[in-house]
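In the numbering used here, the protein residues as written are 1 to 543.
We treat Cβ as the ideally placed atom computed from N, Cα and C, and that holds for glycine.
For reference, the structure is listed below as structure tokens.
Rendered as structure tokens:
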């Protein structure tokens, strides 16, 4: 059901006056119905290559061929203007699973990746599936958790630098697992949580170091943790004994431009209404804000996101001035601003449970669990005056890699630059997606797309990862000058011989020279650049 935007859209003059010239406006752009997949949860909302937003509804819609209570749920597409299309209805096949509550992730291949947390096979102990779905509605079952232990994935998996997808489950009798799955459906359990550590369930994020970070749990209030793509698990902060100060039940984390991770807790803190926290990659923890009921909100139910201005944006599912939830932002320095109070009036959506998403048009979108014309919740839009921008599907890659860029107004004449270096090869999909090849000599930095007189800039830095192909000679004494060949070497910041720092000279993007340092021993050569690091496959022998 498409709603007249004029019915719900209003400008919050009081807020505009409070926060300066920035105009904050809110509207419910689509009200969900019983025939739609609905009942929004703390899901991730993905922007597709077509510029539309994709959400999941764990219940509702046609029950298909099976008796799902209240409907089997499914995946919806919604344009920023509120035009809705049901992309796929769970229940089409018995193997699909039901209750897709965690949202979807846009993969580098243009497909959507998501999970269901339940099965149609009543009483068998079958729990959950992982699926791939094209935006045209072609469904592929990647993995079924089968029967036995109650392994339920309740968040969409995230894609790592190796191209594989990673996620968590909640498991009956223990506390869940971290898994890896390929786009072809090869599944591997990497780590099993225990009650003394945390539990799975919330989504993960990919850090700039290539590791995966998460925050989840109700046992002992949960923890913040990281894992390598090989399953080496490290707990960064435990909420066990200090819930009254640092919070309880974390809802995931996000990494900001300063390299630190930010998240919220659903409860705990001084007022037991939740907190906003920061944790460094080495585990240094700090509470930035404590929620206080009617003043700013109660019970954040989803991780914040990083906006195109570098600030963090999030929601609280209750509290606020109207006891219907709130939208807020906070800077990395801890300056908190309440942007909007939800209301049960005017048939607007309220009680936000989903994570916010910023479309490349600059506006924020989310789902309200309740409200709307049909009392089934809906998709809302919040405008804060931020300008359109470009969004990277993949935030790092080697020279020659094809990188997806989301935006609007693109044309065949659009010029893509990686750190100021023009990409000579690109493929256009409509006006909202470009696949550009990282050019030789590309620099770690922001990506820009210029079309006519308009330039869109990426909200995140693209990191050009180096390669090391050869080095000569392969042996020599201290003082030997070694020529190192590869790609992406223009921004080299360090060279080591078996962990011993060496002096070096950048000759070109494909060549550097380094002098074997005093104290060096036989071992591998490592080159570090602004975009990452690479280690030789063979050792240099120190004579």
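Give me the Cα-Cα distance between residue i and residue j, rounded to the nearest whole angstrom.
i: residue 193; j: residue 224; result: 13 angstroms
i: residue 234; j: residue 189; result: 16 angstroms
i: residue 259; j: residue 470; result: 32 angstroms
i: residue 525; j: residue 531; result: 17 angstroms
i: residue 86; j: residue 503; result: 59 angstroms
i: residue 500; j: residue 336; result: 44 angstroms
i: residue 474; j: residue 261; result: 41 angstroms
i: residue 423; j: residue 539; result: 34 angstroms
i: residue 536; j: residue 420; result: 29 angstroms
i: residue 181; j: residue 280; result: 28 angstroms
i: residue 213; j: residue 203; result: 9 angstroms
i: residue 401; j: residue 26; result: 39 angstroms
i: residue 84; j: residue 513; result: 57 angstroms
i: residue 527; j: residue 498; result: 11 angstroms
i: residue 436; j: residue 247; result: 43 angstroms
i: residue 112; j: residue 542; result: 50 angstroms
i: residue 76; j: residue 533; result: 40 angstroms
i: residue 171; j: residue 127; result: 9 angstroms
i: residue 456; j: residue 518; result: 48 angstroms
i: residue 30; j: residue 80; result: 9 angstroms
i: residue 291; j: residue 272; result: 8 angstroms
i: residue 391; j: residue 521; result: 44 angstroms
i: residue 472; j: residue 385; result: 55 angstroms
i: residue 368; j: residue 28; result: 9 angstroms
i: residue 257; j: residue 263; result: 14 angstroms
i: residue 329; j: residue 169; result: 29 angstroms
i: residue 381; j: residue 78; result: 12 angstroms
i: residue 346; j: residue 371; result: 9 angstroms
i: residue 486; j: residue 505; result: 14 angstroms
i: residue 185; j: residue 166; result: 12 angstroms
I'd like the list of long-range same chain contacts for residue i, defined as Cβ closer than 6 angstroms, with 5 residues on each side in sequence excluded.
i: residue 99; result: 58, 73, 116, 117 and 118
i: residue 49; result: 110, 429 and 433
i: residue 464; result: 442, 444, 488 and 531
i: residue 220; result: 240
i: residue 523; result: 498 and 539
i: residue 71; result: 59, 60, 61 and 63
i: residue 320; result: 297, 326 and 341
i: residue 362; result: 386, 387 and 388
i: residue 323; result: none
i: residue 144; result: 129
Apply the 10 Å Cβ neighbour rule to residue i and answer buried if 16 or more other Cβ atoms are within range, or exposed otherwise.
i: residue 34; result: exposed
i: residue 157; result: buried
i: residue 341; result: buried
i: residue 482; result: buried
i: residue 439; result: buried
i: residue 266; result: buried
i: residue 94; result: exposed
i: residue 24; result: buried
i: residue 314; result: buried
i: residue 477; result: exposed
i: residue 286; result: exposed
i: residue 238; result: buried
i: residue 277; result: buried
i: residue 154; result: buried
i: residue 508; result: exposed
Pull up the CB-CB distance for residue i and residue j, whole angstroms please, since I reckon it's below 8 angstroms.
i: residue 270; j: residue 244; result: 7 angstroms
i: residue 303; j: residue 232; result: About 23 angstroms separates the two Cβ atoms, so there is no contact after all.
i: residue 32; j: residue 88; result: That pair is no contact at about 16 angstroms.
i: residue 326; j: residue 297; result: 4 angstroms
i: residue 356; j: residue 364; result: 5 angstroms
i: residue 114; j: residue 102; result: 6 angstroms
i: residue 108; j: residue 393; result: 6 angstroms
i: residue 405; j: residue 415; result: At roughly 12 angstroms, the Cβ-Cβ gap does not stay under 8 angstroms, so residue 405 and residue 415 are not in contact.
i: residue 210; j: residue 161; result: 5 angstroms
i: residue 288; j: residue 334; result: 4 angstroms
i: residue 178; j: residue 227; result: 6 angstroms
For residue i, which residues of its own chain have a beta-carbon under 7 angstroms away from its beta-carbon, when the five flanking residues on both sides are left out?
i: residue 38; result: 32, 57, 59, 60, 376 and 377
i: residue 141; result: 95, 96, 129 and 131
i: residue 350; result: 324, 325, 342, 343, 344, 368, 370 and 371
i: residue 454; result: 409
For residue i, collect the residues of the same chain with a Cβ closer than 8 angstroms to its Cβ; drop the 5 residues on either side in sequence, then sort them by chain order.
i: residue 123; result: With a pLDDT of 46 at residue 123, under the threshold of 50, the modelled position of that residue is not reliable, and no figure is offered here.
i: residue 47; result: 53, 54, 106, 357, 359, 360, 391 and 406
i: residue 308; result: 358, 362, 386, 387, 389 and 459
i: residue 300; result: 251, 264, 265, 266, 274, 276, 291, 314, 315, 316 and 317
May I ask you to verify whether the region 407 to 419 touches the region 364 to 380, counting CB pairs closer than 8 angstroms and requiring at least 3?
These segments do not touch.
Within 8 angstroms, do at least three Cβ pairs link the region 486 to 494 to the region 447 to 456?
no
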